[in-house]
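Peer 1: Shown below is the structure under consideration.
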Amino acid sequence: DPTGAWNYSLDNTLAAVQALPEGATLVEQFEVKSFDEGTVETIVVTVTGVNDVPVFSGAIAGSVTEDAAPTLTTAGALTIVDVDTNESSVNTTVTPTGQTLGTLVILSNGDWTYEADNNQDAIQALVDNQSIVETFTITSSDGSAGQVITITINGTNDAPEAVDEVRLTLKDGDGILVDVLANDNAG
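Count along the sequence shown from 1, then add 177; that gives the number in the numbering used here.
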C-alpha cells in the first residue's frame, strides 16, 4: 500500500508447499519500487516445511495354518503415502507385541513376509477352530506414524497317533487292564 505495508498469503494447497519436509525451506522474493521508481527494495519471504503425517494402506493382516508346510509363511504389501518429499517409505525395524512364534520382516517399500516354524509346540498344540494372534508394529521412515500388522496362526485337527500297548502279566496268568487311549495322541 502507499505507506509501505505489505501482506503475503501462502496457498498451502500447492504441491510444492506440501512437499516440503520438516525444516526444509522455500524462498520467494518480490521487488518493490517506490512511487517515483527511484528506490527498489527486495522483500524475501521464507516458507518453512512441517512434517505431514503419512497415510498407511494395503495388507495389514495375514494368516497361516498349522501343518500347511514346515515353515508357515504369509506375505503382503503395506503402502505409505507421505506428501513430504522422499518420505513415502517405512522403517525396516519391526516391533513385535509380546512374545511371538514367528518373525515379520519388512522392506522399506512396504513389502512384508511372516515366517514361523510349524514344529513349535505352541503351534502343534492348536486344535481346529483355535488360533494364536500375533501383532507387529511398523513405523514410517520419518517416525511420525505407525501401523499394526496382525498375523493369525490357525490350528487344525491333527490325526490321532496310536502307540503300541504292553500288557503286563502276573504270575498267576491274570493280566492288568491298561487304558489304551491314555497314551495316544488324539490331536
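Yeah, the Cβ is synthetic: ideal placement off N, Cα and C, and Gly gets one too.
Take SER285 as the anchor and find which of ALA182, ILE328, ASP319, GLY181 has the nearest alpha-carbon.
Peer 2: Within the sequence shown, numbered from 1, the residue matching residue 285 stands at position 108. Checked all of ALA182, ILE328, ASP319, GLY181; the closest Cα to SER285 is ASP319.
Peer 1: Output the residue ranges of the beta strand (DSSP E) runs that lie fully inside the segment 298-334 and measure 3 residues or longer, sorted by chain position.
Peer 2: You should have 308-316, 323-331.
Peer 1: Rounded to the nearest angstrom, what separates PRO247 and THR312 at their Cα positions?
Peer 2: As a working mapping, residue 247 is identified with position 70 in the sequence shown. As a working mapping, residue 312 is identified with position 135 in the sequence shown. Each residue's alpha carbon lies about 22 Å from the other.
Peer 1: Can you find the residues in the same chain that come closer than 6 Å, C-beta to C-beta, to THR272, ignoring five residues on each side of it along the sequence?
Peer 2: Counting from one through the sequence shown, the residue named residue 272 turns up at place 95. Hits under 6 Å: THR314.
Peer 1: Between the segment 294-305 and the segment 236-247, do at least 3 Cβ pairs fall closer than 8 Å?
Peer 2: Flag = yes, the segment 294-305 and the segment 236-247 touch.
Peer 1: What are the boundary residues of the alpha helix (DSSP H) that VAL271 is part of?
Peer 2: In the sequence shown, residue 271 corresponds to position 94, counting from 1. From DSSP, VAL271 is part of no alpha helix (DSSP H); its letter is neither H nor E.
Peer 1: Output the distance between the C-alpha atoms of GLN324 and GLU338, rounded to the nearest integer angstrom.
Peer 2: Along the sequence shown, one-based indexing puts residue 324 at 147. Along the sequence shown, one-based indexing puts residue 338 at 161. For GLN324 and GLU338, the distance between alpha carbons rounds to 42 Å.
Peer 1: Write down the C-beta distance between GLY253 and TRP289 rounded to the nearest angstrom, noting that I regard them as a contact closer than 8 Å.
Peer 2: Your numbering for residue 253 matches position 76 in the sequence shown. Your numbering for residue 289 matches position 112 in the sequence shown. Their Cβ separation, rounded to whole angstroms, is 6 Å, which keeps GLY253 and TRP289 in contact under 8 Å.
Peer 1: Check each candidate in PRO231, GLU205, VAL217 and name the one with the smallest Cα separation from VAL258.
Peer 2: Sequence index remark: in the sequence shown, residue 258 carries index 81 (1-based). Closest option to VAL258, Cα to Cα, is PRO231.
Peer 1: How big is the Cα-Cα spacing for THR180 and ALA236?
Peer 2: Within the sequence shown, the letter at position 3 stands for residue 180. Within the sequence shown, the letter at position 59 stands for residue 236. Cα-Cα distance, rounded: 59 Å.
Peer 1: Output needed for ASN268: all residues of its chain with C-beta closer than 6 Å, excluding positions within five of it in sequence on either side, in chain order.
Peer 2: Counted from its first residue, the sequence shown places residue 268 at position 91. These residues qualify, in order along the chain: THR316, SER318.
Peer 1: Give me whichever residues DSSP pairs with TYR291 in a beta bridge.
Peer 2: In the sequence shown, the residue the question calls residue 291 occupies position 114. In DSSP, TYR291 forms a bridge with THR251, LEU281.
Peer 1: So what does DSSP say about ALA193, is it helix, strand or coil?
Peer 2: Locating residue 193 in the sequence shown gives position 16, counting from the first residue. Looking at ALA193 - three-state DSSP - the assignment turns out to be helix.
Peer 1: Please state if the CB of THR329 and the CB of VAL310 are separated by a distance shorter than 8 Å.
Peer 2: Here residue 310 refers to the residue found at position 133 when the sequence shown is read from its first residue. Here residue 329 refers to the residue found at position 152 when the sequence shown is read from its first residue. Yes.
Peer 1: Using a Cβ-Cβ distance cut-off of 8 Å, determine whether GLY275 contacts chain D.
Peer 2: Among the protein chains of the structure shown there is no chain D, as only one such chain exists.
Peer 1: Taking VAL221 as the reference, give the member of SER234, THR262, VAL204, VAL227 with the closest Cα.
Peer 2: Taking the sequence shown and counting its residues from 1, the one referred to as residue 221 is at position 44. The shortest C-alpha separation from VAL221 is found at VAL204.
Peer 1: Should GLY275 go down as buried or exposed, given a rule of 16 or more other Cβ atoms within 10 Å for buried?
Peer 2: Against the sequence shown, residue 275 aligns to sequence position 98. Exposed.
Peer 1: Can the beta-carbon of LEU255 be found less than 8 Å from the beta-carbon of GLY287?
Peer 2: For the purposes of this step, residue 255 is identified with residue 78 of the sequence shown, where counting begins at 1. For the purposes of this step, residue 287 is identified with residue 110 of the sequence shown, where counting begins at 1. Their beta carbons are under 8 Å apart, which means LEU255 touches GLY287 by this criterion.
Peer 1: Cβ of LEU187 within 8 Å of Cβ of VAL224?
Peer 2: Counting from 1 along the sequence shown, the entry for residue 187 is found at position 10. Counting from 1 along the sequence shown, the entry for residue 224 is found at position 47. Yes. Within cutoff.
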